[in-house]
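Just so you know, we're using the numbering used here here: the sequence shown kicks off at 2 and counts up by one.
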Amino acid sequence: MTTAATAAPTLTVLPDLTGQAYSAVSDVNNLDVAVGASGDGDEVYHAVRWAADGTITQLPTLPGDTTSGATAINRHGVIIGASGTRAVKWNANGTVVELAKPVGYTSVRAAAINNSGVVVGTATTDFGHYAAVRWAADGTPTLLPQPVGARFYRAADINKDGVIVGAADSGSTTEAVVWNIDGTITALTLPAGGSDGAASGINDNGVVVGNATVGPNLFRAVRWDASGAPTFLAIRSDATGSAAADLNNNGVVVGYERGSGSFSFRAVKWNAAGVVVSLPIPTGSWSSQATSINNKGTIAGVSLNDALRWNKP
């Protein structure tokens with residue numbers, strides 16, 4: 002598929018915290034406020050929030066922790082992520098609270114939050130067993146139902162209605178799954194040629210994106226329409242694979258293409274028709290990924306050591 006003629010998004014390199022050299026954005030909300038982490042690129046990192054004008058603010062950690070990272074932000078400015086090894090939520094006023102672990106689980110990871118304040122993620126035991134968990138707006142944790150045949154399962158995203166997507170692992174295969182609001186679980190089928198699959202995002206219209214294995218260490222981005230019908234998203238001739246990270250309510254998907262020549266990963270977006278478009282990156286960079294897109298079309302991501310935001314032209 003050829004790339005459609007279109008104006009390039011405006012690229013902004015977001016600032017690092019003072020004295021740090023590495024930043025990455027994980028999410029951007031509909032007010033263009035972005036969240037992620039800034040640090041030394043090694044083991045010291047800090048959760049941060051970038052205002053719409055690019056101003057960076059470090060978020061507080063829980064007592065005793067020295068590292069943190071932000072994962073997602075909702076419309077109301079509530080942020081989730083990690084403080085040390087604990088999952089946390091930062092309220093809009095900047096205060097940080099720990100997200101409780103389900104009974105029997107020793108660690109949790111918060112992945113996504115919707116505008117009602119419901120959080121989803123994954124809980125893990127000391128023995129490595131992991132299960133999808135949902136935190137109500139008041140912070141109460143509940144394990145999601147275990148998909149049939151799954152040994153392990155995880156949650157990746159939640160939409161406004163509370164529909165959750167993720168993946169279930171049987172020990173030999175992995176499949177993309179949906180937890181519906183009526184309590185049922187749907188296993189998503191893959192396009193012909195795909196094997197193991199996982200869902201990474203869902204929009205408010207019930208469209209899901211994710212990825213499927215198509216060869217040894219090779220993946221392709223997949224989009225499932227609201228009925229569950231799957232389609233591989235297009236890649237260019239110089240790409241060997243792709244991955245989808247997120248989508249908005251207009252059906253625009255973001256992620257990256259994987260290359261075999263002059264680039265390793267290339268940040269891209271796919272419009273609602275499936276046309277793939279490269280996103281500009283800083284001069285001299287050779288690797289980039291898009292991680293999030295809001296309903297305005299603003300995209301967030303990373304290129305080497307830089308946190309990036311692309312504003313729709």
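Yeah, the Cβ is synthetic: ideal placement off N, Cα and C, and Gly gets one too.
- Through-space distance from K161 to A213, alpha-carbon basis: When only Cα atoms are considered, A213 and K161 end up about 25 Å apart.
- Three-state secondary structure (DSSP) at A38? Reduced to three states, the DSSP call for A38 is strand.
- Endpoints, the beta strand (DSSP E) within which E99 is located: Per DSSP, E99 is one residue of the beta strand (DSSP E) stretching across 97 to 99.
- Query: Are G85 and T72 touching if we call contact CB-CB under 8 Å?
  - Reply: No. Outside cutoff.
- For the beta strand (DSSP E) containing S293, list its first residue and its last residue. First-last of the beta strand (DSSP E) with S293: 289 to 294.
- Over the uninterrupted beta strand (DSSP E) stretch that includes G198, give me the two end residues. Start and end: 198 to 203.
- Message: Tell me the rounded alpha-carbon separation between G207 and Q147.
- Response: When rounded, the distance between both Cα atoms is 21 Å.
- Answer with buried or exposed for D307, where buried requires no fewer than 16 other C-beta atoms within 10 angstroms of its C-beta. The residue in question, D307, is buried, as its Cβ has 16 or more Cβ neighbours within 10 Å.
- Task: Using the Cα positions of R310 and V254, report the straight-line distance between them to the nearest angstrom.
- Result: Going by the C-alpha atoms only, they are around 15 Å apart.
- Task: Assign P16 to one of three DSSP states: helix, strand, or coil.
- Result: Three-state DSSP puts P16 in coil, outside helix and strand.
- Burial state of G40 (16 or more Cβ within 10 Å): Flag for G40 reads buried.
- Task: Take the Cβ of P217 as the centre, count every other Cβ of all protein chains shown within 10 Å, and call the residue buried at 16 or more, exposed below.
- Result: With a threshold of 16 other beta carbon atoms within 10 Å, P217 falls short and is exposed.
- Message: Run through the DSSP bridge pairs and tell me what D28 is partnered with.
- Response: For D28, the pairing in a beta bridge is given by DSSP as V36.
- Query: Any idea if P283 is buried or exposed, counting beta-carbon neighbours within 10 angstroms, 16 or more meaning buried?
  - Reply: Counting Cβ neighbours within 10 Å, P283 comes out exposed, since fewer than 16 surround it.
- Considering only C-alpha positions, which residue in the set N250, A222, A200, I114 is nearest to Y257? With distances taken between Cα atoms, Y257 lies closest to A222.
- Query: Name the DSSP beta bridge partners of S69, please?
  - Reply: Beta-bridge pairing links S69 to S84.
- Message: Using a Cβ-Cβ cutoff of less than 8 Å, which residues in the same chain neighbour F266 once the five nearest sequence positions on both sides are dropped?
- Response: Y257, E258, R259, G260, S288, S289, Q290, listed in sequence order.
- Enumerated in chain order, which unbroken segments of the beta strand (DSSP E) with a length of 3 residues or greater are wholly contained in the region 195 to 244? Complete beta strand (DSSP E) runs here, min 3: 198 to 203, 209 to 216, 219 to 225, 231 to 233.
- Enumerate in chain order the residues of its own chain whose CB-to-CB distance from S286 is below 6 Å, with the five nearest sequence positions on each side excluded. Excluding residues within five positions, the ones whose Cβ falls inside 6 Å are S304, L305.
- Item | Rounded C-alpha distance that separates V79 from V179 | Separation of V79 and V179 (C-alpha to C-alpha, rounded to the nearest whole angstrom) is 24 Å.
- Message: Using only the alpha-carbon positions, how far apart do T123 and P142 sit?
- Response: Going by C-alpha positions, T123 is about 11 Å away from P142.
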